[in-house]
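Trainee: Structure in structure tokens, see below.
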Amino acid sequence: MKPTPLKRASRFASIALLLLLAACRMPVQVSGQGYIFGENTAQLYRAGYTFEINEDFQETFWPVPAPGHSFGRWTDICNTSYGACELRLDEALWSRDDSLPLGSRFRPDYGGPLQLLYYETYWIAATGTLSVPLASIDLRGVSTADTPRFFMASPDLAVIVPARRVDNDLRFELPDNTYPPGDYWLFASATDSEGTIASASISFGLFRQVSARKLSAYISSSPWAEVLPRCAAASTPFQICTLNTLPFIGQSNTSPTVDDVLARTVVSDPWMGPRFEQILRAIPADMLKLFRGTTAVVIGSKIRPAFYTAATGAIYLDPQDLWLTPAERQSIDWEPDYRAVFGDSMQFISYDLYVAGNAPAWTPSYAYNDFESRSLQDIVLPMANLLAHELAHANDAMPPALLSAVAGNETVLDASLRFEAWSPSLQLLTTYPLSSSFLYQLGEVLFFGAPVSESILQLSARSLGLEFAQDEANALYAYATPYEDTAMLVEEVLTSYYFGVDRIVSFLDLPPGEPQDCTEYTVQWSSINRAAKPAVKERARLVLSGILDEADVARYLDAVPEPGELERGLSLCENLDRLPSEPRALPGRFIPPPVVARIQAEKVRAHRQVRERTLHGRTRVR
């Protein structure tokens, strides 16, 4: 009997139901931030994707951590593997009406040896393809037993394109025009030399000092409280926030208040926020305008030394300058960060000192005993001096006059690179450049560990002073980078203007050993209030106008007393005794010049390293 149409439909439905029931489902499950890559299909799978398997299935899966993360382990169907999971499902498995999850776990804050330092990118408009020459990729820390997998991704990781090898190039076919080619960044996934599977992109190096998991907003009710920790801890291009998410303080208020700054403050320990608030309420209110060029203030126990980075637009403060009690001091990581001791073979010592009358203006944090307490008065001046320097860097990278021109969908890094030609430091470099090539050479030796030439080995404190006197810098650190040149000019002028202290720059004979008494150090050349020297003053005028966004900065410059000199041949103690005395309740302590020089060298070195990490990484798309 021939089946009726209704019976035929019922039969087909029954068959379809049986086939559906016989299909194995393999959902992709992800814990943490990462993806799964199918090496045979060259496809990237995200959490939530489900494989519907109704025939023999074979694939090799590779765990792809998000950049800056690492792989923990497979779970479920691949749980016996680490690394590549070769999965074969035959009829016995796929015919089950079952779910077989493909699970993976990823860990944050990868700090291992895998590093992507540089690559070049070319745009092939005709095919909508990004091309990266394999020879241009500087990827380090890869296990010799592994071959890296490369991906190109949009900044928000919404689009991730696996590489296709064409001869000696990697090719990435972009799917649409949602993101311009220049917005994409390369990252590599591989087993590192320690056996951990990780993903590396260009790194800003912040993960070693700050972690979003260990930061919290000081003001929990701040409208920025939720985004501050992750934005401030961003260490890769895929983590940095746009200005829509976290704008510059100066975009929200052109005259920031204490509360405005505190609303952008994140800390690693509860005591740091109240202590910083005390500082903000103690410094002159006029200083608060320096915060316009920042997105956040970060205070963390592992930050050493303080710095600014255009990767995030935040300043990062070393809590060594903030503590008051022994308990607060003990919560800080005091491990010194000196990578090298520069200048030990020299015949001279460079020594800078702020003085109030004839005594050091303050005592550095490292000069106190372990169980010694400090008062708020002890820390206001050194903290204000530190803020003047770091905020000078911030407003140099993003001058206040240009804040109205930034776009909400760009990052701080995008904006600072777009306006780089208008930065005060580059204006200074082109208008009033320093002329001493010898001092630039010396700066590379003292601050960055460059090889020492015979001429530098024979350099005396006297001849160094005479060379320095012929140029127009206010500090030897100016020869480290144009950015330090700018920051030192701003620091000296503003510290003098707001607090009435004088700055001494000097070159001393280096005595045998490391004497703790200033009588052992002979002055061969020295200047006090060098920023007031006419030619130096004009350089300071140029950068202050840009940093402060004020056409007339005469009030700041005129507050710096007339420049003078200390007497050659006398000891440092004798010269200080000759300065006018000033009654002070808390005179600072004398710190041996070699200690000051080493710490300052590390600060300058760290500043350049942060800037290079911010700007390095790839040739712009061509």
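The opening position of the sequence shown corresponds to residue 109 in our numbering, with each subsequent residue numbered one higher. We put the beta carbon where it would ideally sit given N, CA and C, even for glycine.
(1) Give a yes or no on contact between the region 418-433 and the region 642-657, applying the rule of three or more CB pairs nearer than 8 Å.
(2) Taking just the CA atoms, how far does F399 sit from R321?
(3) From T237 to D246, what distance separates their C-alpha atoms?
(4) If F169 and L195 are in contact, beta carbons under 8 Å, what's the gap, nearest whole angstrom?
(5) Pick from T299, I655, A261: whose alpha carbon is nearest that of A253?
(6) Tell me whether N683 is buried or exposed, calling it buried when 16 or more other Cβ atoms sit within 10 Å of its Cβ.
(7) Name the DSSP beta bridge partners of M395, please?
(8) Could you give the DSSP three-state label for I699: helix, strand or coil?
(9) Beta-carbon separation of P345 and P263 under 8 Å?
(10) Measure the beta-carbon distance from P623 to Y459 and round it to whole angstroms, keeping in mind my assumption that it falls under 8 Å.
(11) For V366, list the residues DSSP reports as bridge partners.
(12) Three-state secondary structure (DSSP) at W633?
(13) A448 by DSSP, collapsed to three states: which one?
(14) Nearest CA to the CA of L694: which residue from V553, Q485, Y664?
(15) Using the DSSP secondary-structure output, state which residues sit across from G146 in a beta bridge.
(16) Going by the beta-carbon positions, is the gap between C626 and S679 smaller than 8 Å?
(17) Would you mind listing the beta strand (DSSP E) stretches within the region 477-548 that are 3+ residues and don't spill past its ends, in chain order?
(18) Indicate whether the contact test is met: 3 or more Cβ pairs, each with one atom in the region 631-648 and one in the region 557-573, closer than 8 Å.
(19) For E163, which residues from the same chain have a beta carbon less than 7 Å from its beta carbon, with the 5 sequence-adjacent residues on both sides left out?
(20) Tell me the DSSP bridge mates of M260?
(21) Across the region 171-188 and the region 275-284, are there enough close Cβ pairs to call them in contact, namely three or more that are closer than 8 Å?
(22) For A705, I'd like the list of residues in its chain whose CB is within less than 7 Å of its CB, leaving aside the five on either flank, ordered along the chain.
(23) Leaving out five residues before and five after E658 in sequence, what residues of the same chain have Cβ atoms less than 8 Å from its Cβ?
(24) Give me, in chain order, the residues of the same chain whose beta-carbon lies closer than 7 Å to that of K711; leave out the 5 immediate sequence neighbours on both sides.
(25) What separation, rounded to the nearest whole angstrom, lies between the Cα atoms of D617 and V601?
(26) Quick one: what's got a C-beta closer than 6 Å to S473's C-beta in the same chain, skipping five residues either side?
(27) Using CA atoms only, rank isn't needed, just tell me which of E720, W293, V613 is closest to A174.
(28) Is the CB-CB distance between Y587 and Y540 below 8 Å?
(29) According to DSSP, is F312 helix, strand or coil?
(30) D579 and L542 - do their beta-carbons sit closer together than 8 Å?
(31) What number of angstroms, rounded off, separates the C-alpha of L432 from the C-alpha of R611?
(32) Between the alpha carbons of A155 and F295, how many angstroms are there, rounded?
(33) Using CA atoms only, rank isn't needed, just tell me which of H497, N477, R133, S545 is closest to D206.
(34) Shortest alpha-carbon distance to V240 belongs to which of L152, T229, G191, L550?
Mentor: In short:
(1) No, the region 418-433 is not in contact with the region 642-657.
(2) Locating residue 321 in the sequence shown gives position 213, counting from the first residue. Locating residue 399 in the sequence shown gives position 291, counting from the first residue. One C-alpha to the other measures close to 25 Å.
(3) Walking along the sequence shown from the start, residue 237 turns up at place 129. Walking along the sequence shown from the start, residue 246 turns up at place 138. The alpha-carbon atoms of T237 and D246 are separated by roughly 21 Å.
(4) Sequence index remark: in the sequence shown, residue 169 carries index 61 (1-based). Sequence index remark: in the sequence shown, residue 195 carries index 87 (1-based). Correct: roughly 6 Å between the Cβ atoms.
(5) Position 145 of the sequence shown, counting from 1, holds the residue named residue 253. The shortest C-alpha to C-alpha distance from A253 to any of T299, I655, A261 is the one to T299.
(6) Your numbering for residue 683 matches position 575 in the sequence shown. Label assigned to N683: buried.
(7) In the sequence shown, residue 395 corresponds to position 287, counting from 1. Bridge pairing for M395: absent [DSSP].
(8) Position 591 of the sequence shown, counted from the start, is the residue given in the question as residue 699. I699 falls in the coil class under three-state DSSP.
(9) Mapped onto the sequence shown, residue 345 falls at position 237. Mapped onto the sequence shown, residue 263 falls at position 155. Yes, Cβ-Cβ distance for P345 and P263 is below 8 Å.
(10) Translated into the one-based positions of the sequence shown, residue 623 becomes position 515. Translated into the one-based positions of the sequence shown, residue 459 becomes position 351. 13 Å between Cβ atoms; not a contact.
(11) Position 258 of the sequence shown, counted from the first residue, corresponds to residue 366. Note: V366 sits in no beta bridge, so no partner.
(12) Counting from 1 along the sequence shown, the entry for residue 633 is found at position 525. Here W633 sits in strand by DSSP.
(13) The residue labelled residue 448 in the question sits at position 340 within the sequence shown. Confidence at A448 is low in this model, with a pLDDT of 45, below 50, so the placement of that residue should be treated as unreliable; the coordinate-derived value is given next. DSSP places A448 in the coil class of the three-state scheme, outside both helix and strand.
(14) What you label residue 694 is simply residue 586 of the sequence shown in a count that begins at 1. Minimum Cα distance to L694 is reached at Q485.
(15) Your numbering for residue 146 matches position 38 in the sequence shown. Answer is Q151, F169.
(16) Mapped onto the sequence shown, residue 626 falls at position 518. Mapped onto the sequence shown, residue 679 falls at position 571. Their beta carbons are under 8 Å apart, which means C626 touches S679 by this criterion.
(17) Within the region 477-548, no complete beta strand (DSSP E) run reaches 3 residues.
(18) Remark: three or more beta-carbon pairs, one from each stretch, lie closer than 8 Å, so the region 631-648 and the region 557-573 are flagged as touching.
(19) Taking the first residue of the sequence shown as position 1, residue 163 is located at position 55. Hits under 7 Å: W202.
(20) Position 152 of the sequence shown holds residue 260. M260 pairs with V269, L294.
(21) Contact between the region 171-188 and the region 275-284 is absent, because fewer than three Cβ pairs lie under 8 Å.
(22) Your numbering for residue 705 matches position 597 in the sequence shown. Here the set comprises G451, I457, S458, Y459.
(23) Here residue 658 corresponds to residue number 550 of the sequence shown, with the count starting at 1. Excluding sequence neighbours, E658 sits near L652.
(24) As a first step, residue 711 must be located in the sequence shown, where it is residue number 603. Around K711: P413.
(25) Indexing the sequence shown from 1 puts residue 617 at position 509. Indexing the sequence shown from 1 puts residue 601 at position 493. Taking the straight line joining both Cα atoms gives about 28 Å.
(26) Translated into the one-based positions of the sequence shown, residue 473 becomes position 365. Q428, D429, listed in sequence order.
(27) Locating residue 174 in the sequence shown gives position 66, where the first residue counts as 1. Per the Cα distances, W293.
(28) Here residue 587 corresponds to residue number 479 of the sequence shown, with the count starting at 1. Here residue 540 corresponds to residue number 432 of the sequence shown, with the count starting at 1. Contact flag unset, no.
(29) Taking the sequence shown and counting its residues from 1, one reaches residue 312 at position 204. Coil.
(30) Taking the first residue of the sequence shown as position 1, residue 542 is located at position 434. Taking the first residue of the sequence shown as position 1, residue 579 is located at position 471. Yes, these two residues count as a Cβ contact at 8 Å.
(31) Your numbering for residue 432 matches position 324 in the sequence shown. Your numbering for residue 611 matches position 503 in the sequence shown. Per the coordinates, the alpha-carbon of L432 lies some 25 Å from the alpha-carbon of R611.
(32) Against the sequence shown, residue 155 aligns to sequence position 47. Against the sequence shown, residue 295 aligns to sequence position 187. One Cα belongs to A155, the other to F295, and the distance between them is close to 19 Å.
(33) Position 98 of the sequence shown, counted from the first residue, corresponds to residue 206. Considering only H497, N477, R133, S545, the residue with the shortest C-alpha distance to D206 is R133.
(34) One-based indexing of the sequence shown puts residue 240 at position 132. For V240, the nearest C-alpha among the options comes from T229.
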